[in-house]
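In the numbering used here, the protein residues as written are -1 to 268.
For reference, the structure is listed below as structure tokens.
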């Protein structure tokens, strides 16, 4: 995972080249996972896409194939050890190995803690933390055995660092745990040449947040209040996540591990 000094000086963009790499993306039917899949497809990676929603998974796979990518799909979420093994095995069977893991699967459940059941809390923690842990373990076992290093990109949030008054006790806790997993595995797997980092976005344009970009009284009021705390003065766009993802998935980040990269317009800086 090293490069000669003259290579990056003569052709710096080669540091971000992932053409032919085998990338696994979970949550490929969701806002971030779908976007990440298309970004990696456009960059020339070979893809294994996993999601629980089969029809939306197929839609993402079709979009990636139209970008020229080879794609394998697995219609499941990383909920169990067996699920995670099937996702890794799909990559090994189709492409004979693994190089990149993007854990895009997750969920939220907004509620005051006094009204939230233990079952609902555990569901968020399972979806955002346990599933990521299980999938990282399965990926790590294969990547370590291969002996050629690897790249893991987890999805955190600005809420892993900051609280929220609207009932995010489960979500904020789960994303803080994601940051902890990132640091821990970054330390644990450095000796194998496997880097582990996380992207932590704030609000970016997606089907779930489209209403915040609209021009109406409610959206304008909510957006104005939020943007008062964003130094760059705007909401995030999908392309704002493309750069950090390609950086963390490529050899450009070979000396970066255990970090949470905030793609938030400076929101967490203040």
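The beta-carbon is built from N, C-alpha and C at its ideal position, and this holds for glycine as well.
These numbers come from a predicted model, not from an experiment.
Helix or strand or just coil, what does DSSP make of residue i?
i, result
"residue 256", "coil"
"residue 19", "coil"
"residue 323", "Missing from the structure shown is residue 323; the chain here goes from -1 to 268 and no further."
"residue 261", "strand"
"residue 228", "coil"
"residue 164", "coil"
"residue 242", "helix"
"residue 212", "coil"
"residue -1", "Any answer about residue -1 is weak, because its pLDDT of 46 lies below 50 and its placement is not dependable; what the coordinates show is given next. Coil at residue -1, not helix or strand."
"residue 159", "coil"
"residue 170", "helix"
"residue 218", "helix"
"residue 129", "helix"
"residue 123", "helix"
"residue 248", "coil"
"residue 268", "coil"
"residue 134", "helix"
"residue 75", "coil"
"residue 50", "coil"
"residue 58", "helix"
Thinking just about the alpha-carbon of each residue, which of the options is nearest to the one in residue i?
i, options, result
"residue 258", "249, 140, 195", "195"
"residue 159", "186, 173, 19", "173"
"residue 10", "113, 250, 120, 213", "250"
"residue 156", "215, 39, 264, 119", "264"
"residue 114", "167, 97, 255", "167"
"residue 102", "219, 44, 199", "199"
"residue 260", "234, 253, 95, 226", "234"
"residue 65", "17, 95, 79", "17"
"residue 20", "162, 98, 129, 205", "98"
Sort out for me which residues DSSP pairs residue i with in a bridge.
i, result
"residue 148", "192"
"residue 45", "21, 69"
"residue 234", "202"
"residue 153", "197"
Complete beta strand (DSSP E) runs within the segment 86 to 110 (minimum length 3 residues, chain order) = Correct list: 98 to 101.
Can we say the segment 179 to 188 touches the segment 49 to 64, given the rule of at least three CB pairs closer than 8 angstroms?
-> Not touching, per the Cβ criterion.
Take every Cβ of the segment 30 to 48, pair it with every Cβ of the segment 71 to 85, and state whether three or more of those distances are shorter than 8 angstroms.
-> Pairwise C-beta distances place the segment 30 to 48 in contact with the segment 71 to 85, as three or more of them are shorter than 8 angstroms.
Looking at C-beta atoms only, is the number of pairs between the segment 161 to 172 and the segment 194 to 212 that lie closer than 8 angstroms three or more?
-> These segments do not touch.
Count the CB pairs spanning the segment 18 to 32 and the segment 54 to 64 that are closer than 8 angstroms, and state whether there are at least three.
-> In this structure the segment 18 to 32 lies against the segment 54 to 64, because at least three pairs of beta carbons, one per stretch, are closer than 8 angstroms.
For the 8 angstroms Cβ check, are there 3 or more pairs between the segment 117 to 125 and the segment 93 to 109?
-> Cβ pair count under 8 angstroms is three or more, so yes.
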